[in-house]
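Read left to right, the sequence shown gives residues 156 to 1321 (the working numbering). Backbone N, C-alpha and C define an ideal beta-carbon position, used for all residues, glycine too. On a predicted model such as this, the values are computed, not experimentally measured, just so you know. Comments concern the structure below.
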Amino acid sequence: MKRNCSGMSFRPKGEIPNNLLLTVAPWRRFASTFGLETCPTPSGAPKGVSLSKDDMRLSSNDTIIKAESYRQTVSSGDTSGDTRGKFMDEIVSFGAWVQQRRKALDLTQADLAKLIGCAVITIKKIEQDERRPSREMAELLAEHLLIPSLERDAFLRRARGQFAPLSAAAAQAIQLPAFLKAGDLSIQPPSLAFVGRERALAQLEAQLHPVLAGEGRVVFVSGEAGQGKTRLMAEFARRAQAALPELIVAGGNCNAFAGIGDPYLPFRDIFGLLTGDLEARWAAGALSAEQANRLWRLLPQTIQALAEHGPDLLDVLVPTTLLTERITIYAPAGAGWLKAWQRLVEAPRPAHLEQRQLFEQITLVLRALAAEQPLLLLLDDLQWADSASLNLLFHLGRRLPGSRILMVGAYRASEVALGGSEDRSHHLLEGIVNEFKRRLGDIQLDLEQFVPAEEQAFVEALLDSEPNRLGPDFRKTLFGHTKGHPLFTIELLRDMQERGNLVRDEAGRWVEGAALDWATLPVRVEAVIKQRIERLEPSRQELLAIASVEGELFTAQVVAQAQQQDERHVLRQLTQELGQRHRLVREYEEVKVESHYLTRFQFGHALFQQYLYRRLSQGERRLWHGEIARSLETFYADALQAIIVSLAYHYTEAGNSAKAVLYLLQAGDQARRVVALNEAIRFYRAALKQWPNGEQAGRAETLRKLGECLWMTGQLLDALTTYEASQALFELQGDRLQAGAMHRLIGRLYWEQGDRAQAQRHYNQALAMLEQGPESVELAHTISAISAMHLLASAYDQAIAWGRRALALAERLAAEDVIIHALNNIGSASMQSQDREQGLAMLQDSLRRALRVKLPHDACRAYTNMAEGLFWMGHYAEARTTYEELLAYATRVQASLFIGDALVHLGELEWQSGQWAAALTRRERIVEWRESMTTSMVPGVWASTLLGWMRNDLGQPQAARQVLEEELPQARGLAEAQTTVPHLGQLARALAGLGLETETTAIVEELLALIDHTPDAHRNNFLALLFACQWLVTHPAAGDLAAARACLSRLERAAQIGSPETEAAYAEGQGIIALAEDNPTQAVEPFRSAASQWQALNRPYDQLRALHGLGQALHQTGDTGQAQAVFNHALGLIETLAGQLGDTELKASFFNSLVVQEIENEFRQN
156 MKRNCSGMSF RPKGEIPNNL LLTVAPWRRF ASTFGLETCP TPSGAPKGVS
206 LSKDDMRLSS NDTIIKAESY RQTVSSGDTS GDTRGKFMDE IVSFGAWVQQ
256 RRKALDLTQA DLAKLIGCAV ITIKKIEQDE RRPSREMAEL LAEHLLIPSL
306 ERDAFLRRAR GQFAPLSAAA AQAIQLPAFL KAGDLSIQPP SLAFVGRERA
356 LAQLEAQLHP VLAGEGRVVF VSGEAGQGKT RLMAEFARRA QAALPELIVA
406 GGNCNAFAGI GDPYLPFRDI FGLLTGDLEA RWAAGALSAE QANRLWRLLP
456 QTIQALAEHG PDLLDVLVPT TLLTERITIY APAGAGWLKA WQRLVEAPRP
506 AHLEQRQLFE QITLVLRALA AEQPLLLLLD DLQWADSASL NLLFHLGRRL
556 PGSRILMVGA YRASEVALGG SEDRSHHLLE GIVNEFKRRL GDIQLDLEQF
606 VPAEEQAFVE ALLDSEPNRL GPDFRKTLFG HTKGHPLFTI ELLRDMQERG
656 NLVRDEAGRW VEGAALDWAT LPVRVEAVIK QRIERLEPSR QELLAIASVE
706 GELFTAQVVA QAQQQDERHV LRQLTQELGQ RHRLVREYEE VKVESHYLTR
756 FQFGHALFQQ YLYRRLSQGE RRLWHGEIAR SLETFYADAL QAIIVSLAYH
806 YTEAGNSAKA VLYLLQAGDQ ARRVVALNEA IRFYRAALKQ WPNGEQAGRA
856 ETLRKLGECL WMTGQLLDAL TTYEASQALF ELQGDRLQAG AMHRLIGRLY
906 WEQGDRAQAQ RHYNQALAML EQGPESVELA HTISAISAMH LLASAYDQAI
956 AWGRRALALA ERLAAEDVII HALNNIGSAS MQSQDREQGL AMLQDSLRRA
1006 LRVKLPHDAC RAYTNMAEGL FWMGHYAEAR TTYEELLAYA TRVQASLFIG
1056 DALVHLGELE WQSGQWAAAL TRRERIVEWR ESMTTSMVPG VWASTLLGWM
1106 RNDLGQPQAA RQVLEEELPQ ARGLAEAQTT VPHLGQLARA LAGLGLETET
1156 TAIVEELLAL IDHTPDAHRN NFLALLFACQ WLVTHPAAGD LAAARACLSR
1206 LERAAQIGSP ETEAAYAEGQ GIIALAEDNP TQAVEPFRSA ASQWQALNRP
1256 YDQLRALHGL GQALHQTGDT GQAQAVFNHA LGLIETLAGQ LGDTELKASF
1306 FNSLVVQEIE NEFRQN
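Structural data, given as structure tokens:
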């Protein structure tokens, strides 16, 4: 409801006014008081002030104030300290609060009265606490006094006379550390003038605006070394922080000299900043005091977000011990977030963490923080990012919509274009950028795009950033040499100044020197760097050369030890001579390692480091890498885990294979623990490449680990080759236990590829080898694995027999994990074949045990199989409850595979029970989950089957075909009745709907052959069999009536399972065959029975299909009255289902679907 009052237009609660006309004078005073930026008002604007969602216009003097800046300025008060909180705590009445806000806005009582639409005396009485405003007036006061959102509720409660603390968060706020208390919290300008790139900055700012409205996104900045990517991002962040007081900025860098990957390095940097690891970077000038202050004040929210959404990030991205020490010092006593952290630290964490769990927790933590304050996350040098970081970037980028997060990533396009690791031809980042472009449009800023006018403007602006009398000829020549490349231009000018080619005149302005000679000036940046380096004394050149071996970031103490120099001397050289004077390096951070400190420096530009490193001979590099590695081992003696990747790299380059393999294995194990599987693969492969001759036991074990990582990342063929090599080595050494274990793992791989014969052979080999030795847990694992194999093959008697054998052995060995697995196998098989109550009890026991010993995978598997068994029994309500419990549990433990399982089966329950609106809503979540899967897995096939099923029922065969064929190779590879047959059945429906008879017949033959190859019937096959039966009787070219009768026999076999669904399907099949045999009288009762059973099961679409057959049978018997009633009933079901389709096109496609059209035609004919 809109209320007009004194020429002012108000919107309902929660909306931002778009047309609020105010008196100009006080707002003009407000703008000048707070120094807000102004710009001309668009022509035609009304007189007065119009406060819109985006800006506040002072149209009488043609100025615009940005509304966000205005709101934040008023809301934050004195941002340099705790003045606002202190003042607010001292307010004792509602009237005093109103008065304080009014004066802060420089409003008179008359001004405020006019805004609210009341008498001046009313405002006076409110401020004197002689009158309480109505609820509506209180809302207006809160709106026009710009009460911060965090305090709005307290303001309205006090307006009603209720006590409410004004600073609810004050008791939770963290104390400022000393270095921030002393800091200047203003947004400082950059130390070096930033010139040019205004178009690029404008593009980034344009990307930020929708993010603030909740349209999170990822943006990329590409360009070559020295083109200003890092400076551009820094300037964008600086300006954004100045304009947006709530904005949180954090960044992370990738490192080329981790060699073969340092998992999640840039994100560890970001989480370090978000968790308060600030002082060293602040002291080094890498952070402004304001940025550090905002990050520090966010720390309580970060801790709370970690506790609620990221419990498994501890010691993966967040160092537990250091963070605990940090917050314990500054947290107020009794703070809720501190207690949450303490509980989190004390809680047990899983031994194994899936990468998808890790990614989802990171996503949830960042989204939770962004709900409080918008986030700007900067990722630099992505061309060097490890694949785990890039996979995380891709995952995050797809989850940003709906959040206030802008991620900006910078990379060198030429290095990305060269390709990725030795394992793939294309850099992973290339595909990520292309995919985001496809999804989001123009999200890349290419700094290599040469726009002469812009590059010329950059040169002009750079020259004019200092007083000068450099004329047009000089400027033209400089631009001709550098083409506006930032590094080339800056370094060339600096070189000319240092050599005296450019000098200052008596007024301090730069002018051309007498010795200016363009012919001798370097035309490539390497020449510029060479001159700068060779100007140094030899000892300083050697110091930098040694530093370049460690990398772009290097450690002063390590260089000092390698050079056998005094630490103080080296620090002085780096800080004063090479840093302050020559500006070749800069201090980066100080790191505490045990009881001593190490000082880290960074080259002023990566090209400096690269040039110095290339100058060394191959032999010099090898020797210095060895020295650097030994020094690092000395300084990090008790904390080697922190530098394992560096040690692996340096010893590899040093040619020390023994040490290299040692650290590569540790790096691989470390990466595997944090589910950085691609990094683990690269480390293990690098270790195997350097493996010393003769030592085969460790090689076999490393191959096993490598194979496991390859399997988990979906690289099944490589995993198989690796497992086979490991098995051969174990067998060569006579280690029958491990050789048998490898046969079991190889068998599993063959099974997943659909080669049952090979799978069976390897399982049998594993069993034969392990049975020759004493009873072992590995033998129990193998027997239980064979049981699971039979379960998936629908060979339930075999699954039970092997499961009982595994259970007996596991109980003797007290192998609880195998007991849980075997109970699951036996219970699942029993529910589908024999004693369902006993099977259900065993699954419940398996679930209880898995939950007790915290085995999330087994717990999820028990939930899944229990729900499926209840589904089979027709206990849909109980099945739904169990799937909902699975969804809640899997979400809590971040088990993505089973999240998809639950979503798909809940969607299936909703769809088949006629809850189409709910199912279509859930479909969105299923599609999102399916798109998030990096590799094809069984639940992905189930999702595809359900989505195709829905499309088919809705009369959209082309869309059904598309989604089904995406997962067809995986479905065929599984070759399982419970998964493959339903998928093929829906694909056959889609092809038939498109009129592709030959293709449909081929799919029908394929699914029938698979059913015949399956030992026991499976309930999931009945819909496919019903379709095949109908197809064969209506398309003689596909087969004769005998083939259709064979389908009916298969349905009869399925009905013997005792499932209500299969019994209803068998009855419907009998009706189909009877009609095909021109015996409509005999068809009536089977169709009537099927329709009744489908109705009892609450499956309206299946019911209307059976009613269609019943109506046809009645019509052919001459009972047109009954036929008309049946068709009328079917049309009622159709209308009920269509009523849940809000989308007009969706409803139209359903009404045009084959079954609906046939029912309507039959109704009209009758």
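Counted within 10 angstroms of its Cβ, other Cβ atoms place residue i as buried (16 or more) or exposed
| i | result |
| --- | --- |
| Ala1251 | exposed |
| Ile955 | buried |
| Asp1195 | exposed |
| Asn589 | exposed |
| Asp432 | buried |
| Tyr839 | buried |
| Glu298 | buried |
| Leu947 | buried |
| Ile484 | exposed |
| Tyr905 | buried |
| Asp1233 | exposed |
| Leu1309 | exposed |
Which of helix, strand or coil DSSP assigns to residue i
| i | result |
| --- | --- |
| Asn979 | helix |
| Glu933 | helix |
| Ser542 | helix |
| Lys844 | helix |
| Gln330 | coil |
| Leu301 | coil |
| Thr710 | strand |
| Gly407 | strand |
| Tyr743 | strand |
| Ser812 | helix |
| Gln757 | strand |
| Gln528 | coil |
Cutoff 8 angstroms; reference residue i; Cβ partners in own chain excluding five residues on either side
| i | result |
| --- | --- |
| Arg1319 | none |
| Gly1029 | Ser1214, Pro1215, Glu1216 and Leu1252 |
| Ala1210 | Thr1217, Glu1218, Ala1220 and Tyr1221 |
Contacting residues, own chain, Cβ-Cβ under 6 angstroms from residue i (five flanking each side not counted)
| i | result |
| --- | --- |
| Thr476 | none |
| Gly1259 | Gly is not the amino acid found at residue 1259; the sequence shown has Leu there. Closer than 6 angstroms at Cβ, skipping near neighbours: Ala1285 and Leu1288. |
| Ser1051 | Arg511 |
Minimum C-alpha distance to residue i - residue among the options
| i | options | result |
| --- | --- | --- |
| Gly655 | Val666, Ile645 and Glu661 | Val666 |
| His1012 | Arg315, Glu509, Phe334 and Ala293 | Glu509 |
| Asp597 | Ala268, Leu402, Leu359 and Ala1183 | Leu359 |
| Gly407 | His299, Gln497, Ala462 and Trp539 | Trp539 |
| Ala662 | Asn623, His640 and Asp284 | Asn623 |
| Ser939 | Leu499, Tyr918 and Ala1245 | Tyr918 |
| Leu1165 | Ala855, Arg1127, Arg630 and Lys1009 | Arg1127 |
Straight-line gap, residue i to residue j (C-alpha atoms, nearest Å)
| i | j | result |
| --- | --- | --- |
| Ser772 | Leu699 | 15 angstroms |
| Arg256 | Asp619 | 45 angstroms |
| Val571 | Thr385 | 17 angstroms |
| Arg695 | Gln728 | 8 angstroms |
| Gly1148 | Glu1216 | 24 angstroms |
| Ala114 | Ala265 | Nothing in the structure corresponds to residue 114, since the chain is present only between 156 and 1321. |
| Leu301 | Arg827 | 51 angstroms |
| Leu519 | Leu555 | 10 angstroms |
| Asp1274 | Glu1317 | 13 angstroms |
| Ala309 | Lys258 | 20 angstroms |
| Ala1073 | Leu1180 | 27 angstroms |
Neighbourhood of residue i by C-beta distance below 7 angstroms, restricted to the same chain and skipping five residues each side
| i | result |
| --- | --- |
| Phe185 | Bear in mind that the predicted position of Phe185 carries a pLDDT of just 36, short of 50, making it unreliable; the figure below should be weighed with that in mind. Cβ within range, chain order: Leu260 and Asp261. |
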